[in-house]
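Asks:
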Amino acid sequence: MSQVLVVADVTDGAVAKPTLELLTLARRIGDLVAVVLGEGAEAAAARLGEYGATRVLSVTDPALAEYLVAPKAEALAQLVAAEQPAAVLIGSGAEGKEVAARLAVKLGSGLITDAVDVAADGSTTQAVFAGAYSVHAAVTRGVPVITVKPNAVTPEPAPAEPAVEPVSVTISDAARGARIVAVEPRAASGRPGLTEAAV
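According to the numbering used here, the stretch in the sequence shown is residues 67 to 265, in order.
In structure tokens form, the structure reads like this:
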């Protein structure tokens, strides 16, 4: 069976719910390889394994935290070249869509954004015009890069015991064009983020 790269959203070792949804959908396509860009892979591995990840690739290059999205796209492109996956699935947030777009350009591949379903053959369904219409699409060139909307599917456990594999990448100077100089955490409201809120 082929493998699928799932870019995990991990903060302080906690796995975001949309990542569990991605893992659930990606199991239809192939064996799950979760990718953690930044710190937290060891802490997140057990949770990722609960939803079927058989491997966790840990990329901890400092550039991933110090710069905007370009280093993440560059790191993913190197992982795709090494792993040769059947598809790459990314959460459909603002950063996820930008990383996915940059990755698709680097790979010369097709990009599908805001999917609400992914079939075993990698084809997708998108809901458009406030859900009034469904669009069925498939990438016809290269490794499909697909972003999936939060709440597209209910996460379903499929226990596995993943191995965490540290991976080294080379981040070019060109990807270091926009540095993050300060981060101010938003005060917790106790309510779900709008992108994850049930509609």
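The C-beta atom is built at its ideal place from N, Cα and C for all residues, glycine as well.
Quantities reported herein were computed from a predicted structural model and do not represent experimental measurements.
Taking buried to mean at least 16 other C-beta atoms within 10 Å of its own C-beta, is D187 buried or exposed?
Replies: Taking the first residue of the sequence shown as position 1, residue 187 is located at position 121. By the neighbour-count rule (16 or more Cβ atoms within 10 Å), D187 is not buried but exposed.
Asks: Any contact of the segment 191 to 202 with the segment 222 to 234, i.e. 3+ C-beta pairs under 8 Å?
Replies: Flag = no, the segment 191 to 202 and the segment 222 to 234 do not touch.
Asks: Can you find at least 3 beta carbon pairs, one from the segment 90 to 98 and one from the segment 123 to 135, that sit closer than 8 Å?
Replies: Result no; under three Cβ-Cβ pairs closer than 8 Å.
Asks: Helix or strand or just coil, what does DSSP make of A137?
Replies: As a working mapping, residue 137 is identified with position 71 in the sequence shown. Looking at the sequence shown, residue 137 is not Ala but Pro. It is helical.
Asks: At which residue ranges does the segment 96 to 155 contain complete beta strand (DSSP E) runs of 3 or more residues, listed in the order of the chain?
Replies: Here the runs fully enclosed are 97 to 103, 119 to 125.
Asks: Less than 7 Å between the beta carbons of E116 and V219, yes or no?
Replies: For the purposes of this step, residue 116 is taken as the residue at position 50 of the sequence shown. For the purposes of this step, residue 219 is taken as the residue at position 153 of the sequence shown. Cβ distance not < 7 Å, so E116 and V219 don't count as in contact.
Asks: Helix or strand or just coil, what does DSSP make of R252?
Replies: Taking the sequence shown and counting its residues from 1, one reaches residue 252 at position 186. Of the three classes helix, strand and coil, the one that applies to R252 here is coil, per DSSP.
Asks: Is the separation between the beta-carbon of R193 and that of V182 shorter than 7 Å?
Replies: Counted from its first residue, the sequence shown places residue 193 at position 127. Counted from its first residue, the sequence shown places residue 182 at position 116. This sequence places Ala at residue 193; Arg is not what is there. A contact, by the Cβ cut-off of 7 Å.
Asks: Taking the alpha-carbon positions, what's the E164 to H202 distance?
Replies: Start at 1 with the first residue of the sequence shown, and residue 164 comes out as number 98. Start at 1 with the first residue of the sequence shown, and residue 202 comes out as number 136. The straight-line gap from Cα to Cα measures roughly 22 Å.
Asks: Excluding the 5 residues flanking E161 on each side, which residues of the same chain have their C-beta closer than 7 Å to its C-beta?
Replies: On the sequence shown, position 95 is the one that residue 161 refers to. The answer, listed in chain order, is V135.
Asks: DSSP on T190, reduced to helix/strand/coil?
Replies: As a working note, residue 190 is residue 124 in the sequence shown. The answer is strand: DSSP assigns T190 an E or B state.
Asks: Would you please state the rounded distance, in angstroms, between the beta carbons of V70 and A110? I believe it to be under 8 Å.
Replies: Taking the first residue of the sequence shown as 1, we reach residue 70 at position 4. Taking the first residue of the sequence shown as 1, we reach residue 110 at position 44. Actually they do not touch by this definition, with Cβ atoms about 17 Å apart.
Asks: Which of helix, strand or coil does DSSP assign to R94?
Replies: Within the sequence shown, the letter at position 28 stands for residue 94. The answer is coil: DSSP assigns R94 none of H, G, I, E or B.
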